[in-house]
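Structure, as structure tokens:
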Amino acid sequence: MFNDGQNTSPGRLTRQVGTTFSLAIGLAIVSIIIIGAVTHLLLPSLSLALALALGAIITPTDAVAVSSITSNMLVPTDVMHTLENESLFNDASGIVALNLAIATVATGQFSVWHGIGNFFYVFFGGLLVGFILGAIIVSLRLRLIKLNVDAPSIIVPITLLTPFAVYFVAESINVSGILAVVVTGLLHGIQQNRLRLTSSRLQIVLTSTWSVVASLLNGIVFVLLGLSLPQVAADLHRQSGGTTLPILLGLALSLYAVMTILRFLWTRFNLAQVFATSRAERNKKSLIIALSGVHGTITLAMAFSLPLTLNGHAVPFRNDMIFMASIVILISLLVPTLLLPLLLPQRQSTFTNAELATAKNAMVNDAIQMIASQHSDSVIASRVVNVLDGQRVADPQVNRTQLAQLFDHCFDLEHDIVTKMLQHQQVSLEIAQLYMRAAENTLVRYQKNGWQRSLLFLRFNLVKTFSLTSASRKRRQAIRQQRDNWRSLSHEEAVAKKQHTHQQLCLIDQQTYPAVIDYLNEQLTHAHTREVAIVRTAYDQRHRQLVGEQDFIDEQNTLLIAAFQQEYNYIQDQITTKSISRELGQALNEQVSTDRLAYLQSIDTD
1 MFNDGQNTSP GRLTRQVGTT FSLAIGLAIV SIIIIGAVTH LLLPSLSLAL
51 ALALGAIITP TDAVAVSSIT SNMLVPTDVM HTLENESLFN DASGIVALNL
101 AIATVATGQF SVWHGIGNFF YVFFGGLLVG FILGAIIVSL RLRLIKLNVD
151 APSIIVPITL LTPFAVYFVA ESINVSGILA VVVTGLLHGI QQNRLRLTSS
201 RLQIVLTSTW SVVASLLNGI VFVLLGLSLP QVAADLHRQS GGTTLPILLG
251 LALSLYAVMT ILRFLWTRFN LAQVFATSRA ERNKKSLIIA LSGVHGTITL
301 AMAFSLPLTL NGHAVPFRND MIFMASIVIL ISLLVPTLLL PLLLPQRQST
351 FTNAELATAK NAMVNDAIQM IASQHSDSVI ASRVVNVLDG QRVADPQVNR
401 TQLAQLFDHC FDLEHDIVTK MLQHQQVSLE IAQLYMRAAE NTLVRYQKNG
451 WQRSLLFLRF NLVKTFSLTS ASRKRRQAIR QQRDNWRSLS HEEAVAKKQH
501 THQQLCLIDQ QTYPAVIDYL NEQLTHAHTR EVAIVRTAYD QRHRQLVGEQ
551 DFIDEQNTLL IAAFQQEYNY IQDQITTKSI SRELGQALNE QVSTDRLAYL
601 QSIDTD
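According to the UniProt record's numbering, the sequence shown is numbered sequentially starting from 1.
Have a look at this one:
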């Protein structure tokens, strides 16, 4: 209820305040009285007080359930707003009426004027307490934010505890805790709207947290429904020998029908104002509102809140009332699911998931092309390409054949360059062999699957180790001579030789690395961006290890921000040229914004 309150627009609620309270108070009270009378008439063994308690239980509606049912339908905006506002306050009406009915059962006495007075005290007292406590808590939160004490680890626990604290304070002075929580939620929603851009990270964390909490709580309630209904039905069957269940089922169907008719008549005869330009439109909207009276979380929670005993005696018909409430919930979910699609048009998407995936892949390719063309000399370009590559949607798997060809061509390119340098005596045979062993390791580590990697290992290691060819024997002899030379060096000589070896390897890298990168950049135009990214990652990593530069975080972040901006520009260009629809462009913009936010948050975490 707190979460629903803070997600409600105060302006919209103000504009519909008359309609909201007509449905939440007027219709709720009339429904409780009529449902109670009908129940007592059809089931005389159930006392009028308990019948009214049942009416109070099954009166509250659940706008969240309605939203789920109509997610693929175009519900008139004013109708949806009316249903959402109604569900905020009719829960409190039902709970107050339930408490009055239970008190009547316990005392055996009921005064109409006392009941009306108590109802208004509890109802409006809850509004007042919620406003006062909400204002205090909101002021405290604003004070903390002004003092820069706005870390989510501080604000989120305070926000989660707020509805519980407000509820218990309100209930301790015998006013509606539910209404107090709703009003406090409304005040928090107003505050969040004002601070939306001044503490955006906090707002995102709060929204995500409440979304998870609300989903969990709603899920738990319906799990309880699924677990308890069979047990309750089994208990009733055992107690009555199977004669009670059909009667209770028929009564639940009758009560749902009565409530639906009441909701239709209430709006049809303008007791709750709904905008309509014709009688046909009013009839249709009234029918939609009537069928959308879905019951859910609060109804089930109220049913389970019925006490087990009163004055030392078991509450009569408790299982019967829980069973009927559960059946009403199920019927109220099934009926609109079946009938509303006949009244409402389906929500048509202007693009398919396949079109979204294709557009996003094209957007990512454009950003990668920009990085390759404008930052080809950057050694961390492959890191940026890998991050961008993670944005893809339903992209096909890596083309292993193309990947192998790229690696083989790059290896051959390196081999040719090293051979020429060796022929021109720019490097020694020892350095050339050392560099090519590093190139072989790159080929083995990155290129193939497990089986092919094993074959490469055999090719570069075992075959050369045990081969009897003249070249292999000379190679093994040179390696043994190098090892003997290293063992004979002093510490100072070994350090100097390592430095010389590193300089020679860097000299080779100065020629091989640019040649490989130029070749890979040329391949980007052939639509093999993912395979090229994998190969470039391998060579960039080896290059960074060789030159000894490890910390490229700032440059990486700069390139990624530029890449995200390129994606925004690409989307806008596609919309301007009408290559994609505005709706598809909006979906792409939302995903880029989410990806950018997720990356920036990961930077903060690191």
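From the three backbone atoms N, C-alpha and C, an ideal C-beta is built for every residue, glycine too.
Note that the structure is predicted; figures quoted are calculated from it, not measured.
Would you check if the distance between the CB atom of residue i and the CB atom of residue j is smaller than 9 Å?
i	j	result
Tyr-570	Asp-366	yes
Ala-180	Leu-27	no
His-543	Asp-595	no
Ile-327	Leu-249	yes
Leu-524	Gln-369	yes
Val-182	Val-129	no
residue 610	Val-294	Nothing about residue 610 can be read from this structure; the chain reaches only from 1 to 606.
Gly-185	Gly-18	no
Val-536	Leu-520	Per the sequence shown, residue 536 should be read as Arg rather than Val. Against a cut-off of 9 Å, the Cβ pair of Leu-520 and Arg-536 comes out as a contact.
Thr-159	Leu-83	no
Arg-12	His-114	no
Ser-172	Val-122	no
Leu-245	Leu-236	yes
Ile-371	Ala-562	yes
Ala-301	Ile-261	no
Leu-187	Val-138	yes
Leu-227	Met-324	no
Quick one: what does DSSP say residue i is sitting in, helix, strand or coil?
i	result
Pro-307	coil
Ala-394	Because the pLDDT at Ala-394 is just 48, under 50, the model does not fix this residue reliably, and the value given afterwards should be weighed accordingly. In this structure, Ala-394 counts as coil in the three-state DSSP scheme.
Met-324	helix
Ala-314	strand
Thr-277	coil
Phe-2	helix
residue 612	Residue coverage of the chain in this structure runs from 1 to 606, which leaves residue 612 outside it and unanswerable.
Ser-22	helix
His-424	coil
Ile-517	helix
Leu-186	helix
Val-246	It should be pointed out that residue 246 corresponds to Pro in this sequence rather than to Val. Of the three classes helix, strand and coil, the one that applies to Pro-246 here is helix, per DSSP.
Leu-271	coil
Leu-462	Residue confidence for Leu-462 is low, a pLDDT of 48 falling below 50, so the modelled location carries little weight; the figure read from the coordinates is stated next. The answer is helix: DSSP assigns Leu-462 an H, G or I state.
Ser-47	coil
His-237	helix
Ile-173	coil
Val-149	coil
His-375	coil
Gly-55	helix
Pro-230	helix
Thr-352	coil
Lys-497	helix
Thr-61	coil
Gln-16	coil
Ser-208	helix
Opposite residue i in the DSSP bridges: which residues?
i	result
Gln-346	Met-73
Report the option in the options whose CA atom is closest to the CA atom of residue i.
i	options	result
Leu-443	Thr-577, Leu-406, Ile-322 and Arg-282	Leu-406
Thr-309	Val-105, Thr-70 and Phe-222	Val-105
Glu-86	Val-64, Met-73, Ala-101 and Ile-102	Val-64
Ser-22	Gly-5, Leu-46, Ser-9 and Phe-89	Phe-89
Ala-381	Leu-202, Gln-109, Ser-47 and Asp-518	Asp-518
Ala-357	Ala-372, Leu-344, Ser-373 and Asp-389	Asp-389
Leu-52	Thr-244, Leu-255, Thr-20 and His-502	Leu-255
Val-364	Ile-288, Pro-10 and Gln-391	Gln-391
Asn-361	Arg-279, Leu-344 and Val-592	Val-592
Phe-2	Ala-103, Gln-203, Ser-428 and Val-213	Val-213
Thr-14	Leu-133, Leu-98 and Ile-190	Ile-190
Val-75	His-375, Leu-342 and Asn-399	Leu-342
Leu-161	Leu-133, Ala-439 and Gly-219	Leu-133
Would you say the beta carbon of residue i is closer than 8 Å to some non-hydrogen atom of the ligand SAM?
i	result
Ala-53	Only the bare structure without any ligand can be found here, which leaves the ligand SAM out of the picture.
Next item on the list: Could you say if the stretch 49 to 59 and the stretch 323 to 342 meet the contact criterion of at least three C-beta pairs nearer than 8 Å?
Entry: yes
Note to self: Taking contact to mean 3 or more Cβ pairs, one atom from each stretch, closer than 8 Å, check whether the stretch 332 to 343 and the stretch 66 to 73 are in contact.
What the structure shows: yes
Note to self: For the stretch 82 to 100 against the stretch 141 to 153, do three or more pairs of beta-carbon atoms, one drawn from each stretch, fall closer than 8 Å, so that the two count as touching?
What the structure shows: no
Next item on the list: Mind the definition here: the stretch 267 to 283 touches the stretch 32 to 39 only if three or more C-beta pairs lie below 8 Å; say whether that holds.
Entry: no
Checklist line | Touching by the beta-carbon criterion (3+ pairs, under 8 Å), the stretch 347 to 358 and the stretch 499 to 516 | finding: no
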